[in-house]
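Visitor: Before I ask anything, here is the structure I am working with.
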Amino acid sequence: MFFLPALGTLTFFATASAYVWPSPQLDALEALRFDQTGFSVLSTTLSTFVKPCALFVFDGSVGTTSGRSNAADWIRTAYHDMATHNSTDGTGGLDASIRFPAELARAENIGSGFTNTFGIVFAVTNRYVSMADSIALGSLIAIENCGGPEIAFRGGRVDAGEANAPGVPTPEQALNSHVASFARQGFTQTEMIGLVACGHTFGGVQHNFFPNIVNVLNDPNDTEDVAHFDSTFVTFDNTVATEYISGTTKSPLVVGFNATTNSDSRIFGSDNNATMRSFANSPDLFASTCADLYARMIDTVPSGVQLTDVITPLPVKPAAVKLVLDGNTLQLFGLVRLWNTTTDPARTVSVVWHDHNQGTRSNALSFAGVSSSTGGKYNATWYRFNSTFSNTPLFLDPAAGVTSLSFVVNGQLEDQGGLGFAIQDGFMFSETSCSFGLPVAGRIDVAVRNGVNLTRLYLEAISRDSVQRIVVTEIDIPRPAQPVAANSAYSLWSMNLTDQSLSFNIGAEIDGVKYSTTDELSFTSFPPCPE
Ligand code: HEM
Ligand SMILES: *[C@@H]1O[C@H](CO)[C@@H](O)[C@H](O)[C@H]1NC(C)=O
Ligand SMILES: *[C@@H]1O[C@H](CO)[C@@H](O)[C@H](O)[C@H]1NC(C)=O
Ligand SMILES: *[C@@H]1O[C@H](CO)[C@@H](O)[C@H](O)[C@H]1NC(C)=O
Ligand SMILES: *[C@@H]1O[C@H](CO)[C@@H](O)[C@H](O)[C@H]1NC(C)=O
Ligand SMILES: *[C@@H]1O[C@H](CO)[C@@H](O)[C@H](O)[C@H]1NC(C)=O
Ligand SMILES: *[C@@H]1O[C@H](CO)[C@@H](O)[C@H](O)[C@H]1NC(C)=O
Ligand SMILES: *[C@@H]1O[C@H](CO)[C@@H](O)[C@H](O)[C@H]1NC(C)=O
Ligand SMILES: *[C@@H]1O[C@H](CO)[C@@H](O)[C@H](O)[C@H]1NC(C)=O
Ligand SMILES: *[C@@H]1O[C@H](CO)[C@@H](O)[C@H](O)[C@H]1NC(C)=O
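Encoded structure:
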């Protein structure tokens, strides 16, 4: 993708509109949140692991006979990660601490759902989307795509460096312990009833881990012996409440054979069934209550963590924008997404680019695909800056360069309310970068625009620390002793690197502001260096 000012340098936007493209973190979170199925620039989308809702990837079955579902795993993982929160001292919360063996080993976290989920969390996490954000999003996407309401999503959760204190409620505890536990987590008794019902509209209790609650079932359609909370256990709906109120529930935490562990019975009945009755009477009330409570649940984070505003989709969003210098040509790759639109052969879309000479050029875009979100409630259409057939860029004159983009959709100008979509062409990857045989992995060449006040150029090496958090390390590219001209407008800065497994973005400081490219590079993608 492209050149984005690093977060924190955007202070002048803070008082204006909340989200202006480009913003590296928001662009990445927005994509994972809203580009759920169909066409996507993301290599891994979360809904792949949720849809169809009966999917359980860990036994390889779709339309599963295991009795389990990924959707249920995501939601339980999110709750157990969050439930360590202490609202008095601000410790714990949704911070991915559940990945630590110290937490997983606790009786309160028995079950295989957490490690299952984390395999996927690791795959979608990147430098802008933390593991905790991925957990929150995975569970939200599960609810939204399996019959549930739309849930407000904020990003910016920070991954814990160590396990939190214990504190997840367990079924044998008394009602007053549960009330106290939810109060510590930040929820009233009524909210506790709601949150448990919202969670327990999915999944159930497994015999393997809870033999004192569930017996062997001998059901070929439920090979993992899961006694479900309601009869629609892969769907968000108020059946959990209607079956409870009508007395037809088979939930193992309501009518289980051991009264001690019938915690949902005690919780649901704790206000004489008033809350559960209201849910049973109104699917809409259940959905809206769950949307509110679930948003609060995933926003429960350790004090000091600053979440973003609620992320709403950009109506017109450039994506995978990238500049590459190829000899005497500046290549501009990219796509644009038109939110909440469907395929329309009559629609005309063009990209307009503004250059350093106050010049303007435009090109008609070609249709690329359709994506879908929120269980099909929203679709979006995508257009490429140039050809449909391959990833063909626009070919720009390097001397003129590019300062910003806008789009014209059916004759209407789309330019972020006059701001335009800013493009940084002060530095970019050069096609002359190449790979050697060992021991030197390769040479990275970066083209720097002549006359730009670029004070530092560096690689942003992306790696994981000892507790799997993504860390970005800056590796300076030295300013060449003698300028090396790439063409009349750009010079090359180069560096050899020995670490062939390195994956990185390119960063630069221009007029004191840090910018990053957003496409992740590695030497494996470079052609061999000429002999
Ligand atoms: C007093 C509070 C709670 C207790 C005692 C409790 C207890 C349990 C137990 C014993 C299981 C079975 C787990 C297994 O067999 O692997 C379970 C499953 C589940 N819980 Fe809870 N829970 C509580 C609150 C919540 C909340 C607040 C949520 C989410 C908002 C939630 C979401 C789930 C989900 C989705 C499952 C199904 C997991 C699956 O089928 O893989 N629970 N719960
Ligand atoms: C929550 O934090 C407060 C203040 O540090 C402490 O007094 C209390 O014991 C904590 N609660 C739990 C359940 O650990
Ligand atoms: C298992 O599910 C299939 C398909 O829903 C159904 O036809 C069959 O009767 C079920 N078997 C049992 C033992 O419930
Ligand atoms: C009921 O559950 C409690 C708590 O897990 C356990 O101590 C007790 O042995 C169980 N009783 C039976 C009959 O399984
Ligand atoms: C709640 O409703 C259930 C199902 O109708 C019933 O068995 C239970 O006694 C009720 N509890 C209270 C406290 O009213
Ligand atoms: C999405 O598009 C439909 C059809 O054009 C429109 O009715 C609806 O209001 C739009 N929704 C949003 C949230 O913009
Ligand atoms: C989005 O596309 C899907 C699949 O083509 C379709 O079922 C759905 O109705 C569309 N939604 C809207 C709002 O157009
Ligand atoms: C689009 O790509 C074609 C090559 O496939 C190229 O000839 C054309 O100049 C490109 N369009 C623009 C506006 O750069
Ligand atoms: C980079 O490595 C190549 C191949 O080993 C070598 O020829 C070249 O001099 C090196 N360049 C620098 C700047 O170290
Ligand atoms: C270049 O940027 C640096 C850092 O903001 C600044 O201190 C310096 O004055 C700038 N130089 C010019 C020539 O603008």
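Read in order, the letters of the sequence shown are residues -18 to -1, 1 to 513 in mature numbering (1 follows the signal peptide of the UniProt record, and there is no 0). Glycine included, each C-beta is placed from N, C-alpha and C at the ideal position.
Need the endpoints of the beta strand (DSSP E) that Ser470 sits in, please.
Guide: Counting along the chain, Ser470 falls outside any beta strand (DSSP E), and DSSP gives it neither H nor E.
Visitor: Could you check which residue in Val187, Met258 and Gly309 has the C-alpha nearest to that of Asn469?
Guide: Gly309
Visitor: Are Ile457 and Thr107 closer than 8 Å when you measure CB to CB?
Guide: no
Visitor: Where does Pro265 sit, in a helix, a strand or coil, going by DSSP?
Guide: helix
Visitor: In this structure, what does DSSP give as the bridge partners for Cys128?
Guide: Answer is none; Cys128 lacks a bridge partner.
Visitor: Tell whether a beta-carbon distance below 8 Å holds between Ser270 and Pro151.
Guide: Not in contact: Ser270 and Pro151 (Cβ atoms no closer than 8 Å).
Visitor: What residues in its chain sit with their C-beta under 6 Å from that of Phe164, if we drop five residues either side in the sequence?
Guide: Non-local C-beta neighbours of Phe164 in its own chain, meaning closer than 6 Å and more than five positions away in sequence, comprise Met174, ordered along the chain.
Visitor: From which residue to which residue does the alpha helix (DSSP H) around Tyr226 run?
Guide: Thr221 to Ser228
Visitor: Is the closest heavy atom of ligand 3 to the C-beta of Asp201 under 7 Å?
Guide: Under cutoff, so the answer is yes.
Visitor: Apply the 10 Å Cβ neighbour rule to Pro193 and answer buried if 16 or more other Cβ atoms are within range, or exposed otherwise.
Guide: exposed
Visitor: Check whether the Cβ atoms of Asp212 and Thr231 sit closer than 8 Å, and answer yes or no.
Guide: Contact flag set, yes.
Visitor: Are the Cβ atoms of Ile57 and Ser116 separated by less than 8 Å?
Guide: Not a contact, by the Cβ cut-off of 8 Å.
Visitor: As a quick exercise: from Gly383, Asp427, Leu76 and Asn127, pick the residue whose alpha carbon is nearest that of Gly286.
Guide: For the residues Gly383, Asp427, Leu76 and Asn127, the minimum Cα distance to Gly286 belongs to Leu76.
Visitor: What are the boundary residues of the alpha helix (DSSP H) that Arg166 is part of?
Guide: Leu157 to Gln167
Visitor: Taking Cβ positions, are Asn91 and Ser29 nearer each other than 8 Å?
Guide: no
Visitor: Span of the alpha helix (DSSP H) holding Leu11?
Guide: Pro6 to Phe16
Visitor: What number of angstroms, rounded off, separates the C-alpha of Ala(-3) from the C-alpha of Glu396?
Guide: A caution first: Ala(-3) carries a pLDDT of 41, below 50, which makes its placement in the model unreliable, though a value can still be read off. Going by the C-alpha atoms only, they are around 18 Å apart.
Visitor: Run the CB neighbour count on Asn203, radius 10 Å, all protein chains shown included, and call it buried at 16 or more, exposed below.
Guide: exposed
Visitor: Whole angstroms is fine: what's the gap from Thr385's alpha carbon to Arg136's?
Guide: 30 Å
Visitor: Leu289 and Asp281 look like a contact to me (Cβ under 8 Å); what is the Cβ gap, rounded to whole Å?
Guide: 6 Å
Visitor: Mark Gln340 as exposed unless 16 or more other C-beta atoms lie within 10 angstroms of its C-beta, in which case mark it buried.
Guide: exposed
Visitor: Counting Cβ pairs, one atom from each stretch, are 3 or more of them under 8 Å apart for the segment 310 to 317 and the segment 474 to 489?
Guide: no
Visitor: In the structure shown, what three-state DSSP assignment does Pro300 receive?
Guide: strand
Visitor: Opposite Ala277 in the DSSP bridges: which residues?
Guide: Per DSSP, none; premise fails for Ala277.
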